[in-house]
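A.B. asks: For the sequence shown, this note's numbering assigns the number 573 to the last residue and increments by one with no breaks. Glycine is no exception: its CB is placed at the ideal position from the N, C-alpha and C atoms. Being a predicted model, the structure only gives us computed values, none of them experimental.
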Amino acid sequence: MREIEKKIRAFEMRLQANMKEVFCPVHLSLGHESVAADLHEVMQSGDWLFSTHRNHHHYLAKGGSEEKLWDEIMGLKSGINGGFAGSQAVVDPSINFHSSAILGGLIGVAAGTAMALKLNNSNDISICGIGDAGTEQGVFWESLNFAALHNLPVAYICENNGKSVDALIEERQAMPISSRVAAFGVTTFNNVKVAIDFCRKEKKPVFCEIKVNLECAHINMATMLDLCAHTA
Ligand SMILES: Cc1ncc(C[n+]2csc(CCOP(=O)(O)OP(=O)(O)O)c2C)c(N)n1
Ligand SMILES: [Mg+2]
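1) Within the present structure, is the beta-carbon of Ile284 separated from the nearest heavy atom of ligand 1 by less than 7 angstroms?
2) Using the beta-carbon count (16 or more within 10 Å), is Pro434 buried or exposed?
3) Leu555 to Ile421, Cα distance in whole Å?
4) Report the residue from Val527, Gly472, Met360, Asn501 whose alpha carbon sits nearest the alpha carbon of Ala563.
5) Counting beta carbon pairs with one atom in the stretch 381-400 and one in the stretch 430-445, are three or more of them shorter than 8 angstroms?
6) Nearest by alpha-carbon distance to His571: which of Phe364, Ile349, Arg355 is it?
7) Starting from the Cα of Glu374, find the closest Cα among Asn502, Val522, Gly479 and give me that residue.
8) Less than 7 angstroms separating the Cβ of Lys506 from some heavy atom of ligand 1?
9) Quick one, are the C-beta atoms of Ile448 and Phe487 less than 8 angstroms apart?
10) Here's a check: name, in chain order, each residue in its chain whose Cβ is nearer than 8 angstroms to the Cβ of Pro517, leaving out the five neighbours to either side.
11) Using the C-alpha atoms, what's the distance from Glu353 back to Glu408?
12) Apart from the five residues just before and just after Leu509, which ones in its own chain have a Cβ nearer than 7 angstroms to its Cβ?
13) Inspect the CB distances between the stretch 543-553 and the stretch 487-500 and report whether three or more fall short of 8 angstroms.
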């Protein structure tokens, strides 16, 4: 296991052990670390990284502060966003990192950012981490079409854990994601580093699908139910 994977995993396991102290929804990325580690190895500091409700691994891979992330999740003023964002919506403009609790919320923003990078003749790219259910939002297909039409340097990195909360992918999707993406004229990959290199060199959109195994529950449900009971 690479150093960055160990760092991410240690952070998440410490968080899991302290979940009783947490008062916000938390989606751990246990089992997804290798995707973030691959990104860590090929991202430039000027690249933009857009993430989801499950974002700790992405944030740490982009060079985010472990202490500030911890404090944010704990709801402290010393957190990245003063404790107001919580785990799901961490934003750190100093490292071009954004995340959103809205499923698919930043997919279009990532394409728009790629358009800005293209207009500025930048060598940086726009990277968007999504889950398999992120591809079920209409904005994903609209953004793919737009990015393909305009040759935008945007990389959609899909961590396919086969689940949308507890709904299995076999019960939700008729065809494999990558084959549908290819029909939009976007080149598909199953290796993050190769996909990012292609996107940067060719200045074209890419889609990379990695099968992962989420090693924990979707969310900190026990903590959430406890919180509801106390505030009811
Ligand atoms: C617009 C919207 N609809 C529904 C939800 C509730 N929701 C949160 S996470 C999630 C499933 C996400 O699955 P996926 O994108 O595959 O990511 P994973 O949690 O498996 O990593 C859903 C439906 C939401 N946050 N936003
Ligand atoms: Mg999923």
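C.D. replies: Considering the structure as presented:
1) What the structure shows of the chain is the stretch from 342 to 573, and residue 284 is not part of that stretch, so it cannot be assessed.
2) exposed
3) 26 angstroms
4) Met360
5) yes
6) Phe364
7) Cα-wise, what sits closest to Glu374 is Asn502.
8) For clarity, residue 506 is Val in the given sequence; the question names Lys instead. Yes, the Cβ of Val506 comes within 7 angstroms of a heavy atom of ligand 1.
9) Annotated as distal: Ile448 and Phe487, with beta-carbon spacing of 8 angstroms or more.
10) Same-chain partners within the cutoff: there are none.
11) 13 angstroms
12) Once the five neighbours on either side are set aside, the close Cβ partners of Leu509 are Gly503.
13) yes
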